[in-house]
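**Q** Encoded as structure tokens, here's the structure I'll be asking about.
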Amino acid sequence: MTLLRIENLDIRYGQFRAVRDLSLEIGQGEVVALIGANGAGKTTLLRTLAGAHRAEAGTVHFKGENLTGLRAHERLARGLALVPEGRRLFAEMTVTENLLLGATSGRPGDWTVERVFQTFPNLVKRRHARASGLSGGEQQATAIGRALMANPDFLILDEVSLGLSPLVIDQVYRSLDGILASGTTILLVEQDLSRAMRTASRALCMLEGRIVLDRPMAATNRDEITQAYFGLTRSQRGHA
Amino acid sequence: MIFQIANALLLGGYYALIAVGLAFMMQVMRVINLAHGTLAILAAYAIWLLADRLDVVPFGGALLVLPPMALLGWYLQRFLLERSARGGELLPILSTFGLSIVLDNLMFQQFGADTRSLSPFIGDLAWASYELPGGIFLGKVPVWILLAAILVIGALQAMLARTALGRRIRATALDPVTAEIVGIDARKTAAAAAALATVTVGLSGLALGLRGTFDAYSGAPQLLFAFEAAIIGGTRSLWGTLAGAMILAFAQTIGAMIHPQGFLLGGHLAFLAVLFARLFALDEALRAPFRRPSQDERTNA
């Protein structure tokens, strides 16, 4: 079943055409890795899906409903949550307050502050600490927990491992395992290719605002993805 | 001497009440509403009209006027502040300045140059006072205004710190884009904050009318006192605003003791002294809350 359908999406970032005529479908329960170099348009695409950025043209349908023109909080209310790049925590507020804010939409589900603390045990001791005083891993866990508090059907993770040590990245992904297994549909951006290939069931490669490769993880390999990443062999472009 | 201290305290209470709405908008929503004083006068006239024409006691009249004030604040945010803020940080200041001029002159056209007061409508209470040991008399109304200021500040602080609405207001103030991503309707939240602030403006209109007199152009001096108190108080907490109001009232009182014309000058000097100390001492702790995340911190290609 198609959960998210993007048709002919054009996104501008100032004068720059960040995303060009992009079409894409993501089905219920898929875990999709979005791969591409800096400036390929990944973050712009994700922010536009979440409603933080306005598209120039094209449509986004979620669960069959047209999201175009809906604001970010309205999209979250429909079950589409973003963990933004750079975490974007409310720095002067505590971990618990940040998590509680995630529940603002009031979507029903079984995520509670306590369950987030069970999922990310490293946060338990820090529950009353200000977000600004947390370590990178703790901040990332809080950002993910805050998105989960909305009980999303579709979770977008933008570079959750950015700026974290390998050990902490392992920790974050271990905690994500349970969420991955729960059947939540996930779209994630991950710079570490091996990790992306291990985590996701489908690879999407972006280059200069376009999707240049869209394959099930099992049907592709590191070389093909790397080539798509750098765009060296344009003749090999695969289209879905 | 004790008499002067007591009066300065009570005056500070009034300043705190008029400053709290302005400070709330400044600290929380990062907006300076130059129509603040004018809106207080508008509320005072509304309460006066109810009392004069319909014999509604000012306290009851205030209860009737506060809900429309909340509505006014809501729409002021939605249709003036929010829209003008898209044009840059200076535009809301200019548009509220324009609004205050329009309202001042409309009120002048409607009510003329006569000064009004609410005190004729509260009977003996206007001059009733509490007697403290040592033969000090404190007017009941000013004491109530001081208590009201403390109550309003306490309630707003508790709301910000403990309630879901308070969390949403703080989150929206810190980062409206992320607030939306987290599921907060940032526009509605800002409008709710403006509505709350404008309710306190209505209360200060009542306080002004009970304490003394007002006319159509009384808004500007009220704004000035509120602004000075809010700036002296800093941006950390509304309790700072209470302290700022007290400092302003004491500076004015001291000024008046030094020279009969020194009342306003004393207040202005205290305000300028604190302002320059802030600017030049580079007190990061005090200025940090006014900093916004820069454009590229907020959005990333």
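Protein chains in written order, with my numbering: chain W, 1 to 240; chain F, 1 to 301. Ideal Cβ positions, reconstructed from N, Cα and C, are used throughout, including at glycine.
Over the uninterrupted beta strand (DSSP E) stretch that includes GLU131/F, give me the two end residues.
**A** Unbroken beta strand (DSSP E) run through GLU131/F: 129-132.
**Q** With 8 Å set as the bound, which would you pick, yes or no: does the beta-carbon of SER294/F sit closer than that to a beta-carbon of chain W?
**A** Summary for SER294/F: the model assigns pLDDT 44, below 50, so the residue's position carries little reliability, and this model does not support an answer.
**Q** Please check if any C-beta of chain W sits within less than 8 Å of the C-beta of ARG162/F.
**A** Chain W, which has no Cβ nearer than 8 Å to the Cβ of ARG162/F, makes this no.
**Q** Along chain F, in chain order, which residues have C-beta atoms closer than 9 Å to that of PHE90/W?
**A** Correct list: ARG167, ARG170, ALA171, LEU174, ASP175, THR178, ALA179 and VAL182.
**Q** Is LEU167/W close to chain F, meaning its C-beta is less than 8 Å from at least one C-beta of that chain?
**A** With 8 Å as the cut-off, LEU167/W does not count as an interface residue toward chain F.
**Q** ARG107/W and GLY133/W - do their beta-carbons sit closer together than 8 Å?
**A** It is not a contact, given that the beta carbons lie outside the stated cut-off.
**Q** Taking ALA207/F as the reference, give the member of ALA191/F, SER100/F and ALA126/F with the closest Cα.
**A** Of the candidates ALA191/F, SER100/F and ALA126/F, the one whose C-alpha sits nearest the C-alpha of ALA207/F is ALA126/F.
**Q** Would you kindly work out how many angstroms separate the C-alpha atoms of LEU106/F and GLY209/F, rounded to a whole number?
**A** The straight-line gap from Cα to Cα measures roughly 19 Å.
**Q** Under 8 Å between the Cβ atoms of GLU30/W and ARG215/W?
**A** Contact flag unset, no.
**Q** Ignoring anything shorter than 4 residues, give me the alpha helix (DSSP H) runs that lie fully in the stretch 25-98 of chain W, in order along the chain.
**A** Counting whole runs of 4 or more residues, the stretch 25-98 of chain W contains the alpha helix (DSSP H) stretches 42-50 and 72-77.
**Q** Tell me the start and end of each unbroken alpha helix (DSSP H) in the stretch 58-89 of chain F that is at least 4 residues and wholly inside, in chain order.
**A** Correct list: 58-76 and 82-85.
**Q** State whether the stretch 68-80 of chain F contacts the stretch 183-198 of chain F, with contact taken as three or more CB pairs (one from each stretch) at a distance under 8 Å.
**A** As far as the Cβ criterion goes, the stretch 68-80 of chain F touches the stretch 183-198 of chain F, which means the pair count is three or higher.
**Q** Counting contacts by CB-CB distance shorter than 8 Å, is ASP55/F in contact with chain W?
**A** No, ASP55/F does not count as interfacial toward chain W.
**Q** Kindly confirm or deny that the stretch 133-149 of chain W and the stretch 107-122 of chain W touch, where touching means at least three C-beta pairs closer than 8 Å.
**A** Taking 8 Å as the limit for Cβ pairs, the verdict is that the stretch 107-122 of chain W does touch the stretch 133-149 of chain W.
**Q** According to DSSP, ARG215/W sits in a beta bridge with which residue or residues?
**A** Answer by DSSP bridge pairing, in chain order: ALA203/W.
**Q** Which residue from LEU91/F, PHE271/F and LEU203/F puts its Cα closest to that of GLY234/F?
**A** Among LEU91/F, PHE271/F and LEU203/F, the Cα nearest to that of GLY234/F belongs to PHE271/F.
**Q** Out of curiosity, what's the CA-to-CA distance linking LEU248/F and THR43/W?
**A** Using only the alpha carbons, I get a separation of about 50 Å.
**Q** Would you check if the distance between the CB atom of THR178/F and the CB atom of PRO84/W is smaller than 8 Å?
**A** Yes.
**Q** When DSSP labels each residue in this structure, what does GLU190/W get in the three-state scheme?
**A** In the structure shown, GLU190/W sits in coil (DSSP, three-state: anything other than H, G, I, E or B).
**Q** Pull up the distance between the alpha-carbon of ARG237/W and that of SER23/W, whole angstroms please.
**A** At ARG237/W, the pLDDT of 49 sits below 50, so the modelled position is not reliable; the number obtained from the coordinates is stated separately. Rounded to the nearest angstrom, the two C-alpha atoms are 15 Å apart.
**Q** Answer with buried or exposed for TYR274/F, where buried requires no fewer than 16 other C-beta atoms within 10 angstroms of its C-beta.
**A** The question names Tyr, but residue 274/F in the sequence shown is Val. Looking at its Cβ environment, which holds 16 or more other Cβ atoms inside 10 Å, VAL274/F is buried.
**Q** Which whole-angstrom value describes the C-beta separation of GLY21/F and SER237/F, a residue pair presumed to lie in contact below a C-beta threshold of 8 Å?
**A** That belief does not hold up - the Cβ atoms of GLY21/F and SER237/F are roughly 15 Å apart, past 8 Å.
**Q** Compute the distance between the beta-carbons of GLN77/F and ALA230/F, then report whether it is under 8 Å.
**A** It is not a contact, given that the beta carbons lie outside the stated cut-off.
**Q** Between the alpha carbons of GLN157/F and GLN27/F, how many angstroms are there, rounded?
**A** Going by the C-alpha atoms only, they are around 12 Å apart.
**Q** Taking only the alpha-carbon atoms, compute the straight-line gap between LEU157/W and GLU74/W and give it to the nearest angstrom.
**A** Roughly 19 Å between the two C-alpha positions.
**Q** Taking all protein chains shown into account, decide if GLN295/F is buried (16 or more other Cβ within 10 angstroms of its Cβ) or exposed.
**A** Unreliable positioning characterises GLN295/F in this predicted model, as indicated by a pLDDT of 41, which lies under 50. A coordinate reading is not provided.
**Q** To test your reading of the DSSP string, which unbroken alpha helix (DSSP H) runs of 4 or more residues are found completely within the stretch 122-191 of chain W?
**A** For the stretch 122-191 of chain W, whole alpha helix (DSSP H) runs of length 4 or above, ordered along the chain, are 136-148 and 166-181.
**Q** Could you tell me whether the Cβ of HIS239/W comes closer than 8 Å to any Cβ of chain F?
**A** Its pLDDT being 48, under 50, HIS239/W is placed unreliably by the model, and nothing is read from it.
**Q** Taking C-beta pairs closer than 8 Å, name the residues in chain F that MET206/W reaches, listed in chain order.
**A** Simply none; closest approach about 13 Å.
**Q** Specify, as a first and last residue, the run of the beta strand (DSSP E) that ASP10/W falls within.
**A** First-last of the beta strand (DSSP E) with ASP10/W: 2-13.
**Q** When you compare the CB of ARG71/W with every CB in chain F, is at least one pair closer than 8 Å?
**A** Closer than 8 Å: yes.
**Q** Answer yes if the stretch 34-48 of chain W comes into contact with the stretch 4-15 of chain W, meaning at least three C-beta pairs across the two stretches below 8 Å, and no otherwise.
**A** Taking 8 Å as the limit for Cβ pairs, the verdict is that the stretch 34-48 of chain W does touch the stretch 4-15 of chain W.
**Q** Identify the continuous alpha helix (DSSP H) that holds ILE153/F and give its terminal residues.
**A** Here the alpha helix (DSSP H) through ILE153/F covers 140-162.
**Q** Along the chain, where does the alpha helix (DSSP H) that runs through ILE32/F open and close?
**A** No alpha helix (DSSP H) contains ILE32/F, which DSSP labels as neither H nor E.
**Q** Under 8 Å Cβ-Cβ, which residues of chain F neighbour GLU114/W?
**A** Going along chain F, no residue has its Cβ under 8 Å from GLU114/W, so there is no contact; the nearest lies around 18 Å.
**Q** Nearest-angstrom Cα distance between LEU101/W and ARG71/W?
**A** Straight-line Cα distance between these residues: approximately 17 Å.
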